[in-house]
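Asker: Would you mind keeping the following structure in view while I ask a few things?
2 protein chains.
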Amino acid sequence: MSRLLLTLMAGWLSVSTVLAQSGSSAMQTGSTATQSGSLKGFGSDASAQQSLEARFDGYLDASRLGERLKIMSARPHHVGSPGGKAVAEYIYDQYKRFGFEVRIDTFYVLFPTPKVRELEMTGPTQYKALLKEPALKEDATSGQSDEQLPTYNAWSADGDVSGELVFVNYGLPSDYEQLARRGIDVKGKIVIAKYGRSWRGIKPKVAQEHGAIGCIIYSDPKDDGYYEGDVYPKGAFKNEYGVQRGSVMDMPIYPGDPLTPGIGATKDAPRIDRKDAINLLKIPVLPISYHDAEPLLKSLEGPVAPEDWRGALPFTYHIGPGKTKVHLKLEFNWDIKPIYDVIATVPGKDFPDQWVIRGNHHDAWVNGAGDPLSGQAAMLEEAHAVGELLKTGWKPRRTLVYCSWDGEEPALLGSTEWVEQNAATLQQHAVAYINSDGNGRGFLNAEGSHAFEPFLEQVARDVTDPETGISVLERRWAREIINATGDKAKELLNKKSFSIGALGSGSDYSPFIQHIGVPSIDLGYGGEDPGGEYHSIYDSYDDYVRFKDPGFVYGVVLAKTAGRTMLRLADADLLPFDYPSLAKNIKTYSTEVNALLDQERESTALQNKLIKGGYYHLAADPKTPIAAPDPKDEVPYLNFAPLQNAVVGLEKSSTHLNDLLSKRLPSGDTLQQLNTGLYQAEQQLLSTQGLPRRGWYKHSIYAPGFYTGYGVKTLPGIREAIEQRYWKEAQDQIDLDASILNHFSQYLDKLGSTAYPQQ
Amino acid sequence: MSRLLLTLMAGWLSVSTVLAQSGSSAMQTGSTATQSGSLKGFGSDASAQQSLEARFDGYLDASRLGERLKIMSARPHHVGSPGGKAVAEYIYDQYKRFGFEVRIDTFYVLFPTPKVRELEMTGPTQYKALLKEPALKEDATSGQSDEQLPTYNAWSADGDVSGELVFVNYGLPSDYEQLARRGIDVKGKIVIAKYGRSWRGIKPKVAQEHGAIGCIIYSDPKDDGYYEGDVYPKGAFKNEYGVQRGSVMDMPIYPGDPLTPGIGATKDAPRIDRKDAINLLKIPVLPISYHDAEPLLKSLEGPVAPEDWRGALPFTYHIGPGKTKVHLKLEFNWDIKPIYDVIATVPGKDFPDQWVIRGNHHDAWVNGAGDPLSGQAAMLEEAHAVGELLKTGWKPRRTLVYCSWDGEEPALLGSTEWVEQNAATLQQHAVAYINSDGNGRGFLNAEGSHAFEPFLEQVARDVTDPETGISVLERRWAREIINATGDKAKELLNKKSFSIGALGSGSDYSPFIQHIGVPSIDLGYGGEDPGGEYHSIYDSYDDYVRFKDPGFVYGVVLAKTAGRTMLRLADADLLPFDYPSLAKNIKTYSTEVNALLDQERESTALQNKLIKGGYYHLAADPKTPIAAPDPKDEVPYLNFAPLQNAVVGLEKSSTHLNDLLSKRLPSGDTLQQLNTGLYQAEQQLLSTQGLPRRGWYKHSIYAPGFYTGYGVKTLPGIREAIEQRYWKEAQDQIDLDASILNHFSQYLDKLGSTAYPQQ
C-alpha cells in the first residue's frame, strides 16, 4: 500500500496545506516561524544542531541509495515469499553495519494467496480474461513469473459465481443512488467498478452491502492509462495489461491480522475463526486490466452511463444489466505466514526511555521498487548517515528506533501487530512516529499530528529542493499559488501560516496514531513522478530510474527531511509540540461539521421540496426517465455548544501552556516530566470505546473514512454520524468529543502547573 | 447553419433565462405577468384573441407536418442545386394553397463548391483520408451521392500545402497561449483543431492569425461521437465517418454575399473583387471525421496535450510538431449561384403598412431534415393554419410576411441580401422578425430583443408541453431548478421573473436585428434531441423520426408558439413592447462590463506579480517545462459614469412611458403613431458607424462575438474592447453607448409626450 496513488487520486494540492512565505518574491522568507537560525526546542543557540545536520547531510549518497534500491527490488518480495525473507535479512544486515542494535520481531498472520483465478464472459459473446501482465524486454524483472504474485485482491472471499454484469462507476454509495434512480438493482448480480475516487476496498464492501454476488475492479485508461500519457514501456502510464493488485480487507473497521484484532499475532496468540472476522468480505473480488475490461464493458446494454461515469475506452459506456453475463471463480490458500519486522535501535545517551520512532515497510506486491523500496532505501540511507555520526562519537540524547515493517501491503500487518503487541510500552516511551513509504520526484507532502505544524515548517524551511535551489517549503508553496485561482492565489501569496494535512490511512502510521495515540508524521515527495506502475509487476527498478526519481535525488531529499525530523526530536531540550496549532485545526474542523449539518439540512429541505413539487418528473426526459431520489428525513438542529466551548477552552489552555514554555525551561527531571507529558498528550485525545462500529479506531480527531478508506475524516465520530444521518449518534459524539477536549485542556493545564508550580 | 449545435455546445441551461413561477408546486402559476387570461396589448378582454388561438391550434396537424418534412428532405437541396430549386418551388406552391400572396425574390451570390479535396499524412507513415460518409441501409437518403455536397468547409481558400502537423485543441486564442508557453509556434505548419467551444469559422481565422498555412477541423468522439452515446445508426450520435460540413466565412465581420457587402446581391449589383472580401480566409480548411483524424493524431509526438485538450480517442494525445507531416490540397468552383427567397404575404386589414415577419431557411447542407426542415415544416404548418383562419373570414389587422430563406447555411445569404436590399422599407414597416431553424423534442429556447420578455412569457405560459401536460414555461423552469445547485435552485424556486437570452448569430435573425434594428425573436425546442447528424448526410428523415421528434409533436408545439407570437403581434391594439425589461437587462450588462474590467485588472496584476516573483518557474516540472505567460500591460480604470447615468435615465424614461401606456390608450392615428414609434425604437440603439473593425454590425447592445462567432456579446463595443485590451477604445465605446442610450431615452420620452400631450 502507499500514499502515492492516494495522493494522485486526491490531487495533493487539495490537501489543506499552506506553506509560509512573506515578501514579494519567492526567494525571500520572513515569517517569524521560519526565522532562519531558530530551531524549535533548542533555545537561543541552535548552531550545534545545525552543524550536526550539515554533517549528517554530508554522509548521504544518492548512488548508494540507488544501489540498495536495486538490490532489494531484484526479485518479488511479498509476505511469506523467499524474496521477502531475503529483503528482511538484507535490511537487518545493513542496520548491523550502521552500528545499530537490531532484532527481527516475527509475527504469524493470515495471508491469502490465489489458487484459482478465472473470469469469463459467457454471454452474449465469449471472452476469457487473460489476468496476466506480460514480461517486457525493457523491464528486466518483469519476467520473474515464478516468484510473482498473480494479479488479485487479497482478502477476496473464495467464490464461484455467475450473473449479469452491471457497471457501477467507482462503486461508491452515491453511484448506487444513481443506479436506483434508473431502476437498476445489483442484487444477485456481478458488478464492475473503476479503480479510483476511493480506496479499493470500499468498492466490494459497498457492492456487498447492495446484494452483489461478485465484484470486478478495473483500471480505466482515463484514470490510469493512455489518457494520462504514454504507456509503459514507452512512457510511465499503465499499459493495457497492467493490473493494480491490492488489499480489500475492510481496514476502516480494523487493520492488521484479521484473526487477532487488538492483540499481537504471536505464535501462540488466541485467534478468532476466519468466518468471525468482521472485516473480511463475503463475496469474490478480482482486479483486471483495461484490456480484459474492454470486451465486458463494450458488451453491456441498458442505459448510457451518466457523463461523469464514462472512461476513455473507445465506445459508449452503458450500465447494463442485460445479456452480458460473467462467470467469476476464485479460490485462495488461506495460510498463516511469518512476517519479519526489522527493528533497529540507537540508545539515547540522556533519555533512553524516550523513543523517537521511524518506519517504512519493506514488503511489496511484486518487486516494489517505488512502493515501498524508494522510501525504504531513503530510510536506510538516513540510518547510514546516523551510523556515520555515531562513528564520530555523537550519540542521540533520546533513543532512535528504526523499523522496517513487513506485511504493510495486505493490511498494515507488521506495524499493527507490533503496535498491538507493544501498546502499553509505546504509550509510555514513544515520543513520535515518523513514517514514509513510496517516494519520488516533486514536492513535499507532509501530514501528521497538528501539534507538529511549526516544527515541520522549520524542517521544510531547512531542506533545499534540488531542482530549483529554493527550500522545499517555498517550492511547494509556489506550486500552490500557481495552481490556485483568483482570490485564493492572492490569499496564498499574502498568507504566512503553514499547515499540514490530517492523517487518514494507507500506511504504517495508522496503528500508532489512531489506535494508541502516538504523535505521528508521514513524509514523502511526489507530484512529478506520476505513472501506472502501482502494485503491478512494472513497479520495477527499470521503471523507477526512468520515471520516478532518476539519480535518486529525491531519495536523498527525503533522507534529509526525515533525518532532520528524527535528529531534532532526538536532541531537542524541549520537545517541539505546539498545541495552539492543534487547537486552531480542531476549531476549523468543529466549524466544518457544524456547517456540514447546516448544508445537509438545507439541501435535504430543498430536495424534499423538489420531490414533493414533482420537479424531477417534470424535468426528466420521458424517453430515458430518471426517477426522483427518495425523500430523506429532515435534518434536526443539534447542540454544538459543548464542542464550541471545549474548543475555546483548548485555545486558552494551549496558549497558556505555550506562554509558560516560552519564558524559561524547567530543569532536570521536571523538564523530562514535562517532555513526557507533552508527547503523551495526544493519547488524551483517544476515547476508551473508540468510534461507533469500529472501536479499534480510538482517536477522536483523525480516522480513515468508513466510506473513503484512506481519505481522512476529522472529528470522525461527529462527521460520519452526520454523513450517515444518525442524528442521535451525532449529538452523542459531539458531547463525547467535547468531554475529551475538556479533559485534554485540563491535562495541558496540569502539565503547565506541575512544570511551573509558581505561576 | 442552426442554433441546434450551438445550443448543445453552450448547454442551453446556461442561457441566462429564468422562467416565472409562484406557489409551492410546479402545477400552479401566479405571477402577475403570467396571470391567465390577460394578454399584453389586448386591453381588458382578450377572449376573442384566445378563441382565435384555440381555432388556430385546431388546424395544426402533426402528420401533415411530417409529410411536408419528408417531401422536402427527399433529396439534397443545397444552394444552387436542382433539389434546392425544387424545394423553393414546393414551398411557393404551399403558400399559394394557403391563400397567401407569394413571390420568389432571387439574388445572385458567390457560392464555392469543391473541385479537389485531398488530405494525406506523408510522414512518418502514410495515410490517405477517406473524406467520405458511407451510405447506410438504415438511412434511405444516405446513398444519394450524386447529388450530395461532399464534406467540406465553404469559403476555405484554394490551397496546396504541406507541413508539420500541430494539434491546437479547439483552436481558440487561449489555446495558442498554451502552445506559446510550451514553445510551440504554428507558423508555416498545418493545424488540426477539434470542433466545439466556438463557431467553426473562428478556428481557421485564429490559425491564420498565428501563421498556420492550413487548418483541419475534426469531430472528436468526446464532443460529438461515441463518448456521448450510441452512434448512428444504432443510436443518434456521430459515427466514425460522420463529418460536419459548414461555413467558415468570417461572418463576425459581415455575413451575406462577400462580394456585395451592405447591398442586395441583385443581378446587376456592383461587386467587389473576391480578393478584396475581408471576410474570406487565405488558408485552406477541411473538416474530417474522427476515423480520418485518428491516424494523424495518434502519430503526433511532442508534449502530451494538457488534460482539458484530450478527447475520447484511445491513445495519448500529443501536441506535436514532429515527424508527422500532412499534405492538404483543396480547390473550389467559385461560381455565382441564384438563391430563391420565397416571400408570402397576408395583407393586414387595419394596418397593412405594419409588417409582422416570420422566417426560417429552406436550404440545407445535404438533406437537412432537422436543419432546417423541421423548423421550415413547422412554419409551413403554422402558415397552413393561418390560411384556414383566412378561409373562415378572419383577417390579421397587421400584415403577415412569411419568408422561407435560401442560402442560410453558407452565410445567411437569403436573409442578408433581402434585408440589405429592403433595408429602408423594413426599417419603416417591420414590427418584428420571428425566426426559427432546426427544431426537436424538449424545452423551449427563446432569445430575442429584451423588450419582448413579458410578451414571450405570456406566449410560453399559453402553450402546453405534450410530454408533461404543463406549460412549456413551467417545464423549462422545472428543468432549470433541477439542474441548478444549492442556493441557485432555491433562488429559482422563489423567483418570479422571466428573461430571454440575447441574440448572437447563427441564423437569419442576424441581419434584421444587428444590421437594421428590427426587433427580433428566435424560437425553438430542443434538449431531448441530441445527436451527431448536424450538417452530415445523416441529417435525414429516417434519423429525424427516430431521434429528433418522433411523431412531429414538437413541430406542432413550435407552430403553436410561433403562431401565437405572430397572431398577437398582428392583432394587438398596443404592440407588446416593454422597455423597462430592456433597461433591466442593459443594467445587468453594464454591471458585467464594469466587473469584467475590474477582474481583468486584478488578474493582470496578480499574474504579473507571479511572473515577476518567478513562481511559474518554481512551480514547473523541469522535465516538462511550461514557461510563464508573457506579462500584460496593467489595466487602467475607466470612466463608467456616463454609461451608468444613461442606464438610470433609461430606467426612468421607460418606466414613465409604461406608466402612461397603462392608464389608457390613445385612439386612431395617435395609437398607430405610438405603435410605429414603439417598434422603431430598437433602431435607435444602432450606431451610424457600427462596431470597430466590423461596421456592418450596428446594434450597440447585441452582436455575435468576434472570437466566439455565434455566441453573443452584449454591449459588444465595450466588452470586446476590454477583452482585447484596447483601453482607449473601451472608453470611447462607453461614451458612445452612453450617448446612444441617452438618445434612446429621449426618444421614449418624446414618444410618450406625443401620444399623451396633456401629461
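Listed in order, the protein sequences are those of chains A and B. As numbered in the numbering used here, the first sequence has no gaps in its residue numbers, which increase by one up to the final residue, 1146. As numbered in the numbering used here, the second sequence has no gaps in its residue numbers, which increase by one up to the final residue, 1146. Glycine residues also receive a C-beta, built at the ideal position from the N, C-alpha and C atoms.
Given this structure, state the Cα-to-Cα distance separating residue 1024(B) from residue 1076(B), to the nearest angstrom.
Answerer: Here residue 1024(B) is taken as the residue at index 637 of the second sequence, counted from 1. Here residue 1076(B) is taken as the residue at index 689 of the second sequence, counted from 1. Spanning the two alpha carbons is a distance of roughly 26 Å.
Asker: Whole-angstrom Cβ separation of residue 795(B) and residue 927(B), contact assumed at under 8 Å?
Answerer: Start at 1 with the first residue of the second sequence, and residue 795(B) comes out as number 408. Start at 1 with the first residue of the second sequence, and residue 927(B) comes out as number 540. Incorrect: roughly 19 Å between the Cβ atoms, too far for contact.
Asker: Between which residues of its own chain and residue 537(A) is the CB-CB distance below 8 Å, once the five residues before and five after are set aside?
Answerer: Indexing the first sequence from 1 puts residue 537(A) at position 150. Contacts found: 501, 504, 518 and 519.
Asker: Sort 1087(A), 969(A) and 1005(A) by Cα distance to residue 346(A) and report the nearest one.
Answerer: Since the first and last residues shown for chain A are 388 and 1146, residue 346(A) lies out of range.
Asker: Would you call the region 781 to 788 of chain A and the region 724 to 734 of chain A touching, i.e. three or more CB-CB distances under 8 Å?
Answerer: Judged by Cβ distances under 8 Å, the region 781 to 788 of chain A makes contact with the region 724 to 734 of chain A, as three or more pairs qualify.
Asker: Between residue 990(B) and chain A, is there a C-beta pair that is closer than 8 Å?
Answerer: Here residue 990(B) corresponds to residue number 603 of the second sequence, with the count starting at 1. Residue 990(B) counts as touching chain A.
Asker: Along the alpha helix (DSSP H) that carries residue 745(A), what are the first and last residues, could you check?
Answerer: Against the first sequence, residue 745(A) aligns to sequence position 358. Looking at the DSSP string, residue 745(A) is not in any alpha helix (DSSP H); the run it does join, the beta strand (DSSP E), is 738 to 748.
Asker: Just the Cα atoms here: how many angstroms apart are residue 413(A) and residue 584(A)?
Answerer: For the purposes of this step, residue 413(A) is taken as residue 26 along the first sequence, with counting starting at 1. For the purposes of this step, residue 584(A) is taken as residue 197 along the first sequence, with counting starting at 1. In this predicted model, residue 413(A) has a pLDDT of only 37, less than 50, meaning its place in the structure is not dependable; the value taken from the coordinates is given anyway. Computed Cα separation, rounded: 34 Å.
Asker: Is it a yes or a no for the region 1026 to 1036 of chain A touching the region 1113 to 1122 of chain A, going by three-plus beta-carbon pairs under 8 Å?
Answerer: The region 1026 to 1036 of chain A is in contact with the region 1113 to 1122 of chain A.
Asker: Start and end of the beta strand (DSSP E) containing residue 792(A)?
Answerer: Mapped onto the first sequence, residue 792(A) falls at position 405. It spans 785 to 792 - the beta strand (DSSP E) in which residue 792(A) sits, taken as one unbroken run.
Asker: Would you say the region 596 to 614 of chain A touches the region 559 to 579 of chain A, given that touching needs at least three Cβ pairs under 8 Å?
Answerer: With a cut-off of 8 Å, the region 559 to 579 of chain A and the region 596 to 614 of chain A count as touching, because enough Cβ pairs lie within range.
Asker: Is there a Cβ from chain A that is less than 8 Å from the Cβ of residue 646(B)?
Answerer: Along the second sequence, one-based indexing puts residue 646(B) at 259. Taking Cβ atoms only, chain A never reaches closer than 8 Å to residue 646(B), which makes this a no.
Asker: Which of the residues in the region 851 to 864 of chain A, read from start to end, lie with their CB under 8 Å from any CB of chain B?
Answerer: Cβ contacts with chain B come from 854, 855, 857, 861 and 862.
Asker: Could you please give the first and the last residue of the uninterrupted beta strand (DSSP E) stretch that includes residue 490(B)?
Answerer: As a first step, residue 490(B) must be located in the second sequence, where it is residue number 103. Note, residue 490(B): beta strand (DSSP E), 488 to 510.
Asker: Taking the alpha-carbon positions, what's the residue 737(A) to residue 950(A) distance?
Answerer: Taking the first residue of the first sequence as 1, we reach residue 737(A) at position 350. Taking the first residue of the first sequence as 1, we reach residue 950(A) at position 563. Cα to Cα, residue 737(A) sits roughly 19 Å from residue 950(A).
Asker: For a contact meaning CB atoms closer than 8 Å, what does residue 613(B) contact in chain A?
Answerer: The sequence position of residue 613(B) within the second sequence is 226, counting from 1. Under the 8 Å cutoff, chain A gives 701, 702 and 703.
Asker: Anyone know if the C-beta pair for residue 1134(A) and residue 1068(A) falls short of 8 Å?
Answerer: Residue 1134(A) sits at position 747 when you count from the first residue of the first sequence. Residue 1068(A) sits at position 681 when you count from the first residue of the first sequence. Contact: yes.
Asker: May I have the straight-line CA-CA distance separating residue 409(A) from residue 861(A), to the nearest angstrom?
Answerer: Taking the first sequence and counting its residues from 1, the one referred to as residue 409(A) is at position 22. Taking the first sequence and counting its residues from 1, the one referred to as residue 861(A) is at position 474. Annotation note: pLDDT 29 at residue 409(A) (below 50); position unreliable, coordinate value reported separately. Looking at the two C-alpha atoms, the distance is approximately 10 Å.
Asker: Can you pull the chain B neighbours of residue 866(A), defined as C-beta to C-beta under 8 Å?
Answerer: Counting from one through the first sequence, the residue named residue 866(A) turns up at place 479. Here the neighbours are 1005 and 1006.
Asker: Which value, in whole angstroms, describes the spacing of the CA atoms of residue 774(B) and residue 670(B)?
Answerer: As a working note, residue 774(B) is residue 387 in the second sequence. As a working note, residue 670(B) is residue 283 in the second sequence. Each residue's Cα considered, the two are about 49 Å apart.
Asker: Any contact between the region 537 to 555 of chain B and the region 714 to 727 of chain B? By contact I mean 3 or more CB pairs, one from each, below 8 Å.
Answerer: Touching, yes.
Asker: Give a yes or no on whether 8 Å exceeds the smallest Cβ distance from residue 617(B) to chain A.
Answerer: Here residue 617(B) is taken as the residue at index 230 of the second sequence, counted from 1. Chain A contact via Cβ: present.
Asker: Do the region 612 to 620 of chain B and the region 914 to 924 of chain B make contact, defined as three or more Cβ pairs closer than 8 Å?
Answerer: The region 612 to 620 of chain B is in contact with the region 914 to 924 of chain B.
Asker: Indicate the three-state DSSP secondary structure (helix, strand or coil) for residue 1130(A) in the structure shown.
Answerer: Along the first sequence, one-based indexing puts residue 1130(A) at 743. Of the three classes helix, strand and coil, the one that applies to residue 1130(A) here is helix, per DSSP.
Asker: Could you check whether the Cβ of residue 1009(A) sits closer than 8 Å to any Cβ belonging to chain B?
Answerer: Here residue 1009(A) is taken as the residue at index 622 of the first sequence, counted from 1. Closer than 8 Å to some Cβ of chain B, the Cβ of residue 1009(A) qualifies, so yes.
Asker: With a CB to CB cut of under 7 Å and the five nearest residues on each side skipped, what residues in its chain are close to residue 1157(B)?
Answerer: Residue coverage of chain B in this structure runs from 388 to 1146, which leaves residue 1157(B) outside it and unanswerable.
Asker: Going along chain A, which residues have a C-beta under 9 Å from residue 691(B)?
Answerer: By one-based count along the second sequence, residue 691(B) stands at place 304. Per Cβ cutoff of 9 Å: 615, 616, 617 and 622.
Asker: Just checking: is the beta-carbon of residue 567(A) within a distance shorter than 8 Å of some beta-carbon in chain B?
Answerer: For the purposes of this step, residue 567(A) is taken as the residue at position 180 of the first sequence. Taking Cβ atoms only, chain B never reaches closer than 8 Å to residue 567(A), which makes this a no.
Asker: Are any of the Cβ atoms in chain A nearer than 8 Å to that of residue 915(B)?
Answerer: The residue labelled residue 915(B) in the question sits at position 528 within the second sequence. It does: the Cβ of residue 915(B) has a partner Cβ on chain A nearer than 8 Å.
Asker: Counting only C-beta atoms, is residue 455(B) closer than 8 Å to chain A at any point?
Answerer: As a position in the second sequence, residue 455(B) is number 68, starting the count at 1. No, residue 455(B) lies away from the interface with chain A (no Cβ there is under 8 Å from its Cβ).
Asker: Near residue 1048(A), which residues of its chain fall below 6 Å by C-beta distance, leaving aside the five closest residues on each side in sequence?
Answerer: As a first step, residue 1048(A) must be located in the first sequence, where it is residue number 661. The answer is none, since no qualifying residue turns up.
Asker: Would you call the CB atoms of residue 753(A) and residue 924(A) closer than 8 Å?
Answerer: For the purposes of this step, residue 753(A) is identified with residue 366 of the first sequence, where counting begins at 1. For the purposes of this step, residue 924(A) is identified with residue 537 of the first sequence, where counting begins at 1. Contact flag set, yes.
Asker: What are the boundary residues of the beta strand (DSSP E) that residue 911(B) is part of?
Answerer: To locate residue 911(B), count along the second sequence from 1; it is residue 524. Per DSSP, residue 911(B) belongs to the beta strand (DSSP E) from 907 to 914.
Asker: How about residue 869(A): is its C-beta nearer than 8 Å to some C-beta of chain B?
Answerer: Your numbering for residue 869(A) matches position 482 in the first sequence. Yes, its Cβ sits closer than 8 Å to a Cβ of chain B.
Asker: Using DSSP bridges, identify the partner residues of residue 834(A).
Answerer: On the first sequence, residue 834(A) is found 447 positions in, with the first residue counted as 1. Answer is 888(A) and 909(A), bridged to residue 834(A).
Asker: In the DSSP assignment, what are the bridge partners of residue 624(B)?
Answerer: Position 237 of the second sequence, counting from 1, holds the residue named residue 624(B). Residue 624(B) pairs with 618(B).
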